[in-house]
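Residue numbers (UniProt numbering): 1 to 262. Before any comments, here is the structure.
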Amino acid sequence: MKGKVVFVGAGPGDPELITVKGKKYIEIADVIIYAGSLVNPELLKWARKDAEIYNSAPLTLNEIVELMVKKASEGKLVVRLKSGDSSIYGALFEEMWALDAAGIPYEVIPGITAAIAAASVIPIELTVPKLAQTVIITRASLRVPMQGSIKDFAKMVKIGATMVIYTGIHIIDRVVNELKEGGLDDDTPVIVVYKATWPEQKIIKGTLRDIVSKVREAKIYRDSVIIVGLSADPNSIKNMVKSSVYDPRHNHSYRPWKTEED
């Protein structure tokens, strides 16, 4: 009899930000494999006392897959607890494909990714009516090859996108240089959020001109997202923003046309 693997997005850090469904799976799991480098271990307090718990941080992908297949093949319910949301930098495809090959059924439960958590604690809106309708989630790296670069995507920020950059805080000077090479000027707003929703959370606001020195002064080198664009300076656009959806002069299928007098 085969068991099942459930990929659960653990959220950004605060244990209360996991989904109700994700929590329920933690409570009934026979086996939990969690990403110990990023997942808050407080989530494990909901696990059964007899549950087998493994930290995947020191394991290779093959070792993680072998463990999931072995336990699920024994008829056990395996929860693979990933940080944030499994679909954002979660190596999800590789693990799903391995389970497909082994004939192991699986399910994916979404979670709150760091970009959304960071926006909520600042707080800001990543999309701005009429001014920033697009959100780009990307990452920076010294060693991992990627299709497209921060320099390439910086052009989108110039025409109304908000960029959220993962895994770039340790090379923030390089990130800033690439953004400038892509056409952004020194006054472009930037916010860095370190460990969003964790007790040690930090929020650093600045521009491309000064964000590197501010981050270094705060001694932040990991577990952060970098938000770039108009959304990172809401005061500068405060009087420019008005959503059409809630404008009385804008009718749609749920609300007929109204005048100011109405």
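By construction, the Cβ of each residue, glycine as well, lies at the ideal position given by its N, Cα and C atoms.
| Query | Result |
| --- | --- |
| I need the straight-line Cα distance from residue 263 to residue 138, nearest angstrom please. | Only positions 1 to 262 of the chain appear in this structure, which leaves residue 263 out of reach. |
| Where do the N-terminal and C-terminal ends of the beta strand (DSSP E) with residue 139 fall, by residue? | 134 to 139 |
| Please list the terminal residues of the continuous alpha helix (DSSP H) segment that includes residue 128. | Segment: none, residue 128 is in no alpha helix (DSSP H) and carries neither H nor E. |
| Between which two residues does the alpha helix (DSSP H) holding residue 67 run? | 61 to 73 |
| Counting only the same chain and skipping the five closest in sequence on each side, list residues whose C-beta sits under 7 angstroms from that of residue 222. | 169, 170 |
| Does the count of Cβ pairs from the segment 71 to 82 and the segment 28 to 42 closer than 8 angstroms reach three? | yes |
| Just list the residues that DSSP pairs residue 55 with in beta bridges. | 34 |
| Apart from the five residues on each side of it in sequence, which residues of its chain come closer than 7 angstroms, Cβ to Cβ, to residue 231? | 124, 125, 126, 128, 132, 162 |
| Would you mind sorting residue 226 into buried or exposed? The rule is 16 or more other CB atoms within 10 Å of its CB. | buried |
| Can you give me the C-alpha to C-alpha distance between residue 202 and residue 194, rounded to a whole angstrom? | 5 angstroms |
| For residue 178, count neighbouring C-beta atoms within 10 Å of its own C-beta (all shown protein chains included) and say buried if the count is 16 or more, exposed if not. | buried |
| By how many angstroms is the C-alpha of residue 56 removed from the C-alpha of residue 236? | 44 angstroms |
| In whole angstroms, give me the CA-to-CA distance for residue 82 and residue 143. | 23 angstroms |
| Quick test of your reading: residue 197 and residue 17, contact by CB under 8 angstroms. State the CB separation rounded to the nearest angstrom. | 6 angstroms |
| Among residues of its own chain, excluding the 5 on either side of residue 121, which ones have a beta-carbon nearer than 8 angstroms to its beta-carbon? | 193, 196, 197, 201, 203 |
| Using the rule of at least 16 other Cβ atoms within 10 Å of the residue's Cβ for burial, across every protein chain shown, is residue 116 buried or exposed? | buried |
| Given 6 angstroms as the limit, tell me if residue 4 has its C-beta closer than that to any heavy atom belonging to the ligand SAH. | Among the components modelled here there is no ligand, and therefore nothing to report on the ligand SAH. |
| When you compare each of 130, 5, 216 to residue 67 by their alpha carbons, which one comes out closest? | 5 |
| Whole angstroms is fine: what's the gap from residue 86's alpha carbon to residue 130's? | 30 angstroms |
| With DSSP as the reference, label residue 205 as helix, strand or coil. | strand |
| Along the beta strand (DSSP E) that carries residue 82, what are the first and last residues, could you check? | 77 to 82 |
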